[in-house]
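Counted from 1, the sequence shown has number 97 at position 97 by the UniProt record's numbering; the numbering is strictly sequential.
Quick reminder that beta carbons are idealized off the backbone N, C-alpha and C, glycines included.
Bear in mind the structure is a predicted one, so any value in this text is a computation, not a measurement.
This report concerns only the one structure given below.
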Amino acid sequence: MLLKSRDIKKTYPVPGKTRKKVVQALGDLEIQQGARIGLMGVSGVGKTTLGLILAGLVRPDSGRVLFRDKPLHRLRGPQWKTMRKSIQMVFQHPESAFDPRWKIRKSLEEPFKIHGLPIEKSGLASALEEMGLPEGVLDRYPSQLSGGELQRAALARALCLKPDLVVLDEPTSMLDPLTQSRILAVIQKSLKRRNTACLFITHNLHVAKAVCSQCYVLEDGRLENLF
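Listed below in structure tokens is the structure:
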């Protein structure tokens, strides 16, 4: 088993209000190597929060996440660094993945530097090419790319480290239907070629069925198997 969560709960304050928001994902969610798993639910139910927890970016208040049978949020040192390389996340708004002051080249090189890995110039160009982007994109700034191009670059940035799992949080919801269709095709082809598992967060059933072989729905704090 690559990753498994059980009975996740996270509470956090709501700005300007005294009450707190509680996100629950009671039940089990399991992801095998190479699996395409969907996560659906209405807006505000906690899909993104759960995705952040499963990616190791947010710590739950209770429940547990196992990564290769080890408690994900208890990993330290080299094990934590290995996990961070093995699990990547792509967000709904791709601009959040890029420093506007940096050219795309520097943003793609950054993960390699963080993990102490050699940077192959040809590898960066290949990563973009796989996403349908020309090598010239490396020397452009985020503001010079369209929304679809920037999302492709964000996918390239996440996949160039060859992760075991990528969490995709509504990666096409901000795009026009034609661009969405093209990027979904690129995602499926790339994940299949690399045998990379994905958790695809979406509110669109059509998209979930196109990408995923199994799908959970988060409703009223519980995870249920949708298909």
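- Listed as beta-bridge partners of L199 by DSSP are I37, V167.
- Of the residues assessed, E149 falls on the buried side of the cut-off, its CB having 16 or more other CB atoms within 10 angstroms.
- When C-beta atoms of the region 70 to 83 are compared with those of the region 148 to 162, fewer than three pairs fall below 8 Å, so the two segments do not count as touching.
- Contact between the region 205 to 218 and the region 29 to 49 is established, with three or more Cβ pairs separated by less than 8 Å.
- Three or more beta-carbon pairs separated by less than 8 Å are not found between the region 205 to 213 and the region 45 to 55, which leaves the two stretches without contact.
- Within its own chain, the residues whose Cβ lies closer than 6 Å to the Cβ of D28, once the five positions on either side in sequence are excluded, are R6, listed in chain order.
- For D169 against T48, the beta-carbon gap comes to about 5 Å, under 8 Å, which counts as contact.
- Going by C-alpha positions, L223 is about 21 Å away from G34.
- Per DSSP, the unbroken alpha helix (DSSP H) holding A158 starts and ends at 147 to 159.
- Non-local C-beta neighbours of Q180 in its own chain, meaning closer than 7 Å and more than five positions away in sequence, comprise T172, ordered along the chain.
- DSSP places G27 in the strand class (E or B) of the three-state scheme.
- Our two residues, A127 and I119, have alpha carbons roughly 12 Å apart in a direct line.
- Contact between the region 62 to 71 and the region 13 to 22 is absent: fewer than three C-beta pairs spanning the two stretches fall below 8 Å.
- Within a 10 Å sphere around the beta-carbon of T11 sit fewer than 16 other beta-carbons, which makes this residue exposed.
- Distances from the alpha-carbon of V167 to those of I31, K21, R19, M1 put I31 closest.
- For S62, the enclosing beta strand (DSSP E) covers residues 62 to 67.
- About 14 Å separates the beta carbons of L155 and M174, which is beyond the 8 Å limit, so they are not a contact pair.
- For the pair L138 and K113, the CB atoms are not nearer than the 9 Å cut-off.
- The Cβ-Cβ distance between F91 and P142 does not fall below 9 Å.
- Going by DSSP, P111 is part of the alpha helix (DSSP H) stretching over 104 to 114.
- Between L178 and G77, the alpha-carbon positions lie close to 43 Å from each other.
- For a cut-off of 8 Å, the C-beta gap from I187 to V211 is around 7 Å, short enough to register as a contact.
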